[in-house]
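Peer 1:
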Amino acid sequence: MGHRDKVKKLGRTKPHREAMLANMAMSLFTHRLIKTTDAKAKALKPLVDRLIATGKADTLHAKRMVARTINNKEVFKKLFAEIIPQFTARTSGFTRVVKLGVRRGDGAPISVVELLTEKVVEETDDKGKKSKKAKSTDSAPAKSTAPKSKAPKSTAKTVSKAAGKGSSAPSTKNK
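In the working numbering, the protein residues as written are 3 to 177.
(1) Who pairs with residue 85 in a beta bridge, going by DSSP?
(2) Can you check whether the CB of residue 8 is closer than 8 Å to the CB of residue 45?
(3) What does DSSP give as the partner residue(s) for residue 111 in the beta ladder?
(4) Let me check one thing: in DSSP terms, what residues is residue 99 bridge-paired to?
(5) Report back the beta-carbon spacing between residue 117 and residue 85 to the nearest angstrom; my notes put them in contact at under 8 Å.
(6) As a quick exercise: from 73, 39, 81, pick the residue whose alpha carbon is nearest that of residue 57.
(7) Roughly how many angstroms lie between the CA atoms of residue 99 and residue 27, to the nearest whole one?
(8) Taking the beta carbon of residue 90 as the centre, do at least 16 other beta carbons fall within 10 Å, making it buried, or is it exposed?
(9) Roughly how far, in whole angstroms, is the beta-carbon of residue 115 from the beta-carbon of residue 39, given that I think they are within contact range, below 8 Å?
(10) From the DSSP output, read off the bridge partner residues of residue 35.
(11) To the nearest angstrom, report how far apart residue 108 and residue 61 are at their CA atoms.
(12) Does the distance from the CB of residue 23 to the CB of residue 49 come in under 8 Å?
(13) In three-state DSSP terms, what is residue 6?
As structure tokens, this is what we get:
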């Protein structure tokens, strides 16, 4: 039974687990999306959400509390300068865990952990002025509205007509 199991131990000692989760949080803040196992992703989500919620207070004490976990100065500065200001309208739920399937080598279930930051999209008004609007928190890249060119695609499997069965000319056909 799983009664009173508040911490997923992940098969590690407490210092190892804390260091691993801190490193994963720093990677998430750096790249905004990381791929890991389901168990690690589920353990990372509350830690990252707590770090962002604490950092939103923007006090010296809050910064010191976050600095206990985030040891890298560049990541710490990026967190307070770029990431936390994007969550001003949000009170919780700063991350998302999406299950991908299983890993090919060992069959471990794999997930993606991503930050739900809002993207700023510039749109032009009918008068030609640019205005910034916050787009939804979708992490998919914006679709381009530019027309696609109809240029013919070159194929790698082209074979010369002169290169018949009896010809000694090399063919570029993949074997």
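Just so you know, even glycine gets a beta-carbon here, dropped at the ideal spot from N, CA and C. These numbers were taken from a predicted model, which means no experiment stands behind them.
Peer 2: Reading from the atomic positions:
(1) For this step, residue 85 is matched to residue 83 along the sequence shown. Beta-bridge pairing by DSSP links residue 85 to no other residue.
(2) Taking the first residue of the sequence shown as 1, we reach residue 45 at position 43. Taking the first residue of the sequence shown as 1, we reach residue 8 at position 6. Cβ atoms of residue 45 and residue 8: not closer than 8 Å.
(3) The residue you call residue 111 lines up with position 109 of the sequence shown. According to DSSP, which records beta bridges pairwise, residue 111 is partnered with 104.
(4) Position 97 of the sequence shown, counted from the first residue, corresponds to residue 99. 115, per the DSSP bridge assignment.
(5) Stepping through the sequence shown from its first residue, residue 117 is reached at position 115. Stepping through the sequence shown from its first residue, residue 85 is reached at position 83. With a contact defined as Cβ atoms closer than 8 Å, residue 117 and residue 85 qualify at about 7 Å.
(6) Counted from its first residue, the sequence shown places residue 57 at position 55. Selected option, being the one with the closest Cα: 81.
(7) As a working note, residue 99 is residue 97 in the sequence shown. As a working note, residue 27 is residue 25 in the sequence shown. The straight-line gap separating the alpha-carbon atoms of residue 99 and residue 27 is approximately 13 Å.
(8) Here residue 90 is taken as the residue at index 88 of the sequence shown, counted from 1. That one is exposed.
(9) One-based indexing of the sequence shown puts residue 115 at position 113. One-based indexing of the sequence shown puts residue 39 at position 37. With a Cβ gap of about 11 Å, residue 115 and residue 39 do not count as contacting.
(10) Start at 1 with the first residue of the sequence shown, and residue 35 comes out as number 33. Beta-bridge pairing by DSSP links residue 35 to 116.
(11) The count along the sequence shown starts at 1 and reaches residue 108 at position 106. The count along the sequence shown starts at 1 and reaches residue 61 at position 59. Distance between the alpha carbons of residue 108 and residue 61: 45 Å.
(12) Along the sequence shown, one-based indexing puts residue 23 at 21. Along the sequence shown, one-based indexing puts residue 49 at 47. Note that the C-beta distance between residue 23 and residue 49 is below 8 Å.
(13) As a first step, residue 6 is located in the sequence shown; it is residue number 4 there, counting from the start. Three-state result, residue 6: coil.
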